[in-house]
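Colleague: Here it is, the structure in full.
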Ligand code: PGA
């Protein structure tokens with residue numbers, strides 16, 4: 001069976017390189033355990049080198065965004081080519097916290113295209129803002145997913161990874177997050193859309209992750225609720241003890 005995938009989304013934390021170094025050293029003590037997962041660490045840019053130096057033995061390097069611009073003379077940006085050459089393997093794209101700053105599905109789809117072209121795996125985040133009793137949120141997700149993947153051809157579709165991240169469940173405690181039953185339904189729904197966009201066989205092969213308050217308390221139940229391949233972990237990835245417990249819960 002494939003190893004569970006864990007993507008550690010550090011967001012804009014920790015505040016100092018010393019703390020980042022300590023976090024990497026703490027999780028590195030459990031490298032044998034972590035090697036039983038496919039672990040991606042997405043630190044803020046100033047810690048990319050540090051993460052590569054300290055964690056390449058048990059993780060792969062990821063970023064939280066890429067620029068929409070192809071390489072050229074663009075002050076203040078990091079080119080996707082540079083990231084690729086540096087060793088970045090995956091980029092989170094369309095995270096709700098970036099969408100909240102104005103990023104559109106159209107921009108996400110262009111970034112997905114750039115990532116695919118450069119050989120960086122695009123991890124596309126989709127999820128509803130809130131739930132409603134009429135199920136309008138399902139339409140919201142369907143529109144966003146289709147638009148974010150616009151331009152991904154059938155033969156490329158297996159190279160993408162999708163993270164279902166309901167916005168209302170991000171940054172909470174495990175008990176206020178998604179229930180395993182609801183996650184199961186959502187994963188079926190997402191596969192249905194992918195099947196409609198590509199075909200059933202491809203839809204089954206696309207890697208789906210869940211993100212939104214994954215903590216030691218809910219990791220095992222969420223992981224086994226459906227055919228997700230793993231998690232996108234935010235706040236708990238900055239706490240070595242919690243992070244290791246999440247890994248332990250899903251490799252059991
Ligand atoms: P969280 O963040 O685990 O803190 O909810 C997940 C994310 O935003 O990717």
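Residue numbers (the numbering used here): 1 to 252. No residue lacks a Cβ here, since even glycine has one placed at the ideal position from N, Cα and C. Every value quoted in this text rests on a predicted model; they were computed, and no experiment measured them.
Measure the CB-CB distance between residue 21 and residue 238 and report whether it falls below 7 angstroms.
Modeller: Not a contact, by the Cβ cut-off of 7 angstroms.
Colleague: Would you give the residue range spanned by the alpha helix (DSSP H) that residue 65 belongs to?
Modeller: Segment: none, residue 65 is in no alpha helix (DSSP H) and carries neither H nor E.
Colleague: Any chance the CB of residue 218 is under 6 angstroms from a heavy atom of ligand 1?
Modeller: No, ligand 1 has no heavy atom inside 6 angstroms of this Cβ.
Colleague: Given this structure, state the Cα-to-Cα distance separating residue 47 from residue 24, to the nearest angstrom.
Modeller: Rounded to whole angstroms, residue 47 to residue 24 spans 11 angstroms at the Cα level.
Colleague: Please go through the stretch 38 to 86 and give each complete alpha helix (DSSP H) segment of 4 or more residues, from N-terminal end onward.
Modeller: Listed in chain order, they are 48 to 55 and 80 to 86.
Colleague: Quick one: grab the DSSP three-state call for residue 249.
Modeller: Note: residue 249 maps to helix in three-state DSSP.
Colleague: May I ask which residues mark the beginning and end of the alpha helix (DSSP H) holding residue 202?
Modeller: Taken as a continuous stretch (DSSP letters only), the alpha helix (DSSP H) holding residue 202 covers 200 to 205.
Colleague: Using the Cβ count rule (16 or more neighbours within 10 Å means buried), how would you classify residue 119?
Modeller: By the neighbour-count rule (16 or more Cβ atoms within 10 Å), residue 119 is not buried but exposed.
Colleague: Is the distance from the Cβ of residue 216 to the Cβ of residue 160 below 7 angstroms?
Modeller: For residue 216 and residue 160, no; Cβs fall outside 7 angstroms.
Colleague: In the DSSP output, which residue or residues are listed as bridge partners for residue 93?
Modeller: Bridge partners of residue 93: 124.
Colleague: Counting along the chain, where does the alpha helix (DSSP H) carrying residue 238 start and finish?
Modeller: No alpha helix (DSSP H) contains residue 238, which DSSP labels as neither H nor E.
Colleague: Using 10 angstroms around the beta-carbon of residue 74, count the other beta-carbons present and answer buried if the total reaches 16, otherwise exposed.
Modeller: Flag for residue 74 reads exposed.
Colleague: My guess is that residue 163 and residue 194 are in contact by the Cβ rule of under 8 angstroms, so how many angstroms apart are they, rounded?
Modeller: 14 angstroms between Cβ atoms; not a contact.
Colleague: Assign residue 230 to one of three DSSP states: helix, strand, or coil.
Modeller: Three-state DSSP puts residue 230 in a strand.
Colleague: Relative to the alpha-carbon of residue 205, which residue among 188, 196, 158 and 232 has its alpha-carbon at the smallest distance?
Modeller: Nearest C-alpha to residue 205: 158.
Colleague: From residue 219 to residue 138, what does the alpha carbon distance come to, in whole angstroms?
Modeller: Taking the straight line joining both Cα atoms gives about 24 angstroms.
Colleague: Alpha carbon to alpha carbon, what distance is there between residue 63 and residue 45?
Modeller: Approximately 7 angstroms between the Cα atoms of the pair.
Colleague: State the start and end residues of the unbroken beta strand (DSSP E) segment that holds residue 115.
Modeller: That residue, residue 115, is in no beta strand (DSSP E); its alpha helix (DSSP H) goes 105 to 118.
Colleague: Using the Cβ count rule (16 or more neighbours within 10 Å means buried), how would you classify residue 165?
Modeller: Buried.
Colleague: Check whether the stretch 141 to 158 and the stretch 70 to 84 touch, using three or more Cβ-Cβ pairs below 8 angstroms as the test.
Modeller: Because the criterion of three Cβ pairs below 8 angstroms is not met, the stretch 141 to 158 and the stretch 70 to 84 do not touch.
Colleague: For residue 9, is the beta carbon positioned less than 6 angstroms from some heavy atom of ligand 1?
Modeller: Yes, the beta carbon of residue 9 sits closer than 6 angstroms to at least one heavy atom of ligand 1.
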